[in-house]
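Below, the structure written as structure tokens:
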């Protein structure tokens, strides 16, 4: 089984749009959205939930006022300044509480309750492109590597169940806990970047992280015509570090037009961007050492919504 | 006054808005980048760095010769950062949240204090704008501990000169994003009129409403995508403070690392308007929070 992860470091470079396009091109795969904080892939794939599960992680500490004798031990021992003065007893700010249990352990009168925290929901779903594992963390929760790990395990189970060899995951932005949890043991990380100072800077950090975890990297330069000079710097950096640039995609409004229709760009358009995405996908399959024959890319069946719109526009 | 510039979705223009807002801000201001995983504000403000330091979190180190294998630390640790395998006491530094519980609970002082590098903190000036940022070490999983250290440095800087603060927050609506906005007086939500922008704005609205702070929306790339976002703002009572038109020239200015207000009088006026809306919101939104 092979896992391919799409990441970017910087948000908004086009991870999700690219993931949806690849998911559409591939046949016989499991799709996974590992951005559990602000997931968007479901907006393009319209999953039908087949299983819905509560996700619990960590604990919430709460002071019971009737038991508290006001000794202030909890406030003195909390390293996160989560215990705030209050009447009749201090109060634990749930936004600051790390769930470390120190206050519970050291409260001399056992006045602090420690209850499991319901942090989100995860789903097993059916989509037109294949089975999908995804989740939504409740707002303000710890962005949990545990939920990411759980989804990856579910995706593996799904792949086994359906007898498929490929898991394609849409990753979270950044380089912290959820990204680390998404990355470990993956067969190929596809880094989507853009030729802006931020894109260049963030790509360097996220690829350093991939190197650190010894995950092979392929790069897609999106909006490559925005700044040719930085695009060149990205190419040079990739060459030096031995990453293959598998696509150079133009700044194409078709991505947004497809998104508004709830479609992958490959479902919407048959233009040059889509041609390049198809070539990129073949390169990615080769880099991930997946036999190309079993992942025949879908053949475009004639008219696309974009060409229909174009045809209508050109009607006299 | 502290203004947090946040967004559910990444790449909507938080950094552009933060940098531009700082350039038109009339009062003394410090621009603080709390997106410590991928900080970008310095790429636009290009500050002169006047000071920097490494930031650490306190973690335990084990001395097995003193351990009596009582397992108190293992049982207390909620983060699986300590295990006892037979008579081997193992500490996984990277998993530690630095709560200090194991140090306090150990009856034989078999655990003592060590530290893990979180990243670095840099500060300086960009013309009239004060500047402060955190940058996490690549491989460091947790960003809130470094964000706390950056905020401590902010208090030190504020001792010298009182200033307003503009915070460039990390994307998302989970713990790091909430950490960045929770001390702010006003929250600016940057979004774009696309299905992804709308969905993530709804998440951000839900996440930040409970904080009880005045909030308003900046619609970036207005004219792109669709109009549903305007309906959402209207129905949920979120004021739209300004719109930045969808314009390839703005995108190109950003791609060149330029602050978009500097050569574009129209945009400059838009951001002066935004600054006025932000100041106004503290008094019109009912609840006024003091820094």
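Protein chains in written order, with the numbering used here: chain A, 94 to 409; chain B, 10 to 300.
Glycine included, every Cβ here is placed at the ideal spot set by N, Cα and C.
No experiment lies behind these values; they were computed from the predicted model shown.
Just curious, the beta strand (DSSP E) that residue i is in, first and last residue?
{"i": "residue 47 of chain A", "result": "Any question about residue 47 of chain A goes unanswered here, given that chain A covers just 94 to 409."}
{"i": "residue 146 of chain A", "result": "141 to 156"}
{"i": "residue 229 of chain A", "result": "223 to 230"}
Using a Cβ-Cβ cut-off of 7 Å (strictly less than) and excluding sequence neighbours within five positions of residue i, which residues of its own chain qualify?
{"i": "residue 367 of chain A", "result": "358 and 359"}
{"i": "residue 154 of chain B", "result": "66, 107 and 127"}
{"i": "residue 321 of chain B", "result": "There is no way to answer for residue 321 of chain B, as the model of chain B reaches only from 10 to 300."}
{"i": "residue 254 of chain B", "result": "231 and 232"}
{"i": "residue 27 of chain B", "result": "14, 40, 50, 175 and 177"}
{"i": "residue 277 of chain B", "result": "33 and 270"}
{"i": "residue 158 of chain A", "result": "181 and 182"}
{"i": "residue 88 of chain B", "result": "104, 105 and 106"}
{"i": "residue 117 of chain B", "result": "75, 76 and 77"}
{"i": "residue 144 of chain A", "result": "216 and 217"}
{"i": "residue 196 of chain B", "result": "13, 15, 190, 217, 222 and 224"}
{"i": "residue 193 of chain B", "result": "11, 12, 13, 176 and 222"}
How would you label residue i, buried or exposed, when you count the other beta carbons within 10 angstroms and need 16 or more for buried?
{"i": "residue 61 of chain B", "result": "exposed"}
{"i": "residue 205 of chain B", "result": "buried"}
{"i": "residue 188 of chain B", "result": "buried"}
{"i": "residue 59 of chain B", "result": "exposed"}
{"i": "residue 438 of chain A", "result": "Since the first residue shown for chain A is 94 and the last is 409, residue 438 of chain A is missing from the structure and cannot be characterised."}
{"i": "residue 141 of chain A", "result": "exposed"}
{"i": "residue 124 of chain A", "result": "buried"}
{"i": "residue 241 of chain A", "result": "buried"}
{"i": "residue 208 of chain B", "result": "buried"}
{"i": "residue 146 of chain A", "result": "exposed"}
{"i": "residue 263 of chain B", "result": "buried"}
{"i": "residue 283 of chain B", "result": "buried"}
{"i": "residue 100 of chain A", "result": "buried"}
{"i": "residue 292 of chain B", "result": "exposed"}
{"i": "residue 386 of chain A", "result": "Its pLDDT being 46, under 50, residue 386 of chain A is placed unreliably by the model, and the measurement read from it follows with that caveat. Per the 10 Å Cβ criterion, exposed."}
{"i": "residue 177 of chain A", "result": "exposed"}
{"i": "residue 227 of chain A", "result": "buried"}
{"i": "residue 329 of chain A", "result": "exposed"}
{"i": "residue 335 of chain A", "result": "exposed"}
Pop quiz: residue i and residue j are said to be a contact at Cβ under 8 Å. What is the actual Cβ separation, rounded to whole angstroms?
{"i": "residue 235 of chain A", "j": "residue 110 of chain B", "result": "Not a contact, Cβ separation roughly 17 Å."}
{"i": "residue 286 of chain B", "j": "residue 225 of chain B", "result": "6 Å"}
{"i": "residue 103 of chain A", "j": "residue 304 of chain A", "result": "About 18 Å; that fails the 8 Å criterion."}
{"i": "residue 286 of chain A", "j": "residue 320 of chain A", "result": "Not really, about 12 Å apart at Cβ, beyond 8 Å."}
{"i": "residue 33 of chain B", "j": "residue 270 of chain B", "result": "6 Å"}
{"i": "residue 217 of chain A", "j": "residue 251 of chain A", "result": "7 Å"}
{"i": "residue 326 of chain A", "j": "residue 293 of chain A", "result": "6 Å"}
{"i": "residue 118 of chain A", "j": "residue 374 of chain A", "result": "5 Å"}
{"i": "residue 114 of chain B", "j": "residue 76 of chain B", "result": "Incorrect: roughly 13 Å between the Cβ atoms, too far for contact."}
{"i": "residue 152 of chain B", "j": "residue 185 of chain B", "result": "5 Å"}
Quick one: give me the first and last residue of the alpha helix (DSSP H) that residue i is part of.
{"i": "residue 359 of chain A", "result": "358 to 361"}
{"i": "residue 368 of chain A", "result": "365 to 380"}
{"i": "residue 126 of chain B", "result": "Unbroken run through residue 126 of chain B is the beta strand (DSSP E), 120 to 135; no alpha helix (DSSP H)."}
{"i": "residue 188 of chain B", "result": "184 to 190"}
{"i": "residue 65 of chain B", "result": "Per DSSP, residue 65 of chain B belongs to no alpha helix (DSSP H); it is in the beta strand (DSSP E), 57 to 71."}
{"i": "residue 229 of chain B", "result": "Per DSSP, residue 229 of chain B belongs to no alpha helix (DSSP H); it is in the beta strand (DSSP E), 224 to 231."}
{"i": "residue 170 of chain A", "result": "166 to 170"}
So, residue i versus residue j, is the Cβ gap smaller than 7 Å?
{"i": "residue 261 of chain A", "j": "residue 122 of chain A", "result": "yes"}
{"i": "residue 106 of chain A", "j": "residue 263 of chain A", "result": "no"}
{"i": "residue 300 of chain A", "j": "residue 314 of chain A", "result": "no"}
{"i": "residue 273 of chain B", "j": "residue 21 of chain B", "result": "no"}
{"i": "residue 214 of chain A", "j": "residue 153 of chain A", "result": "no"}
{"i": "residue 95 of chain A", "j": "residue 276 of chain A", "result": "no"}
{"i": "residue 308 of chain A", "j": "residue 234 of chain B", "result": "no"}
{"i": "residue 183 of chain B", "j": "residue 130 of chain A", "result": "yes"}
{"i": "residue 266 of chain A", "j": "residue 48 of chain B", "result": "no"}
{"i": "residue 268 of chain A", "j": "residue 230 of chain A", "result": "no"}
{"i": "residue 221 of chain A", "j": "residue 155 of chain A", "result": "no"}
{"i": "residue 216 of chain B", "j": "residue 233 of chain A", "result": "yes"}
{"i": "residue 143 of chain B", "j": "residue 57 of chain B", "result": "no"}
{"i": "residue 352 of chain A", "j": "residue 24 of chain B", "result": "no"}
{"i": "residue 130 of chain B", "j": "residue 159 of chain B", "result": "yes"}
{"i": "residue 279 of chain B", "j": "residue 251 of chain B", "result": "yes"}
Using C-beta distances below 8 Å, list every residue in its chain close to residue i, excluding the 5 sequence neighbours before and after it, in chain order.
{"i": "residue 343 of chain A", "result": "316, 317, 318, 365 and 366"}
{"i": "residue 170 of chain B", "result": "37 and 139"}
{"i": "residue 54 of chain B", "result": "28, 31, 40, 135, 138, 140 and 268"}
{"i": "residue 291 of chain A", "result": "103"}
{"i": "residue 189 of chain A", "result": "173, 174 and 175"}
{"i": "residue 121 of chain B", "result": "69, 70, 72 and 112"}
Excluding the 5 residues flanking residue i on each side, which residues of the same chain have their C-beta closer than 6 Å to its C-beta?
{"i": "residue 192 of chain A", "result": "151 and 152"}
{"i": "residue 388 of chain A", "result": "Confidence in residue 388 of chain A is poor, its pLDDT being 49 and thus under 50, which makes the residue's placement unreliable; the coordinate value appears in the next sentence. Counting only Cβ-Cβ distances below 6 Å, and skipping sequence neighbours, we find 119 and 378."}
What in chain C is Cβ-close to residue i, meaning under 8 Å?
{"i": "residue 205 of chain B", "result": "Any reference to chain C falls outside this structure, whose protein chains are A and B."}
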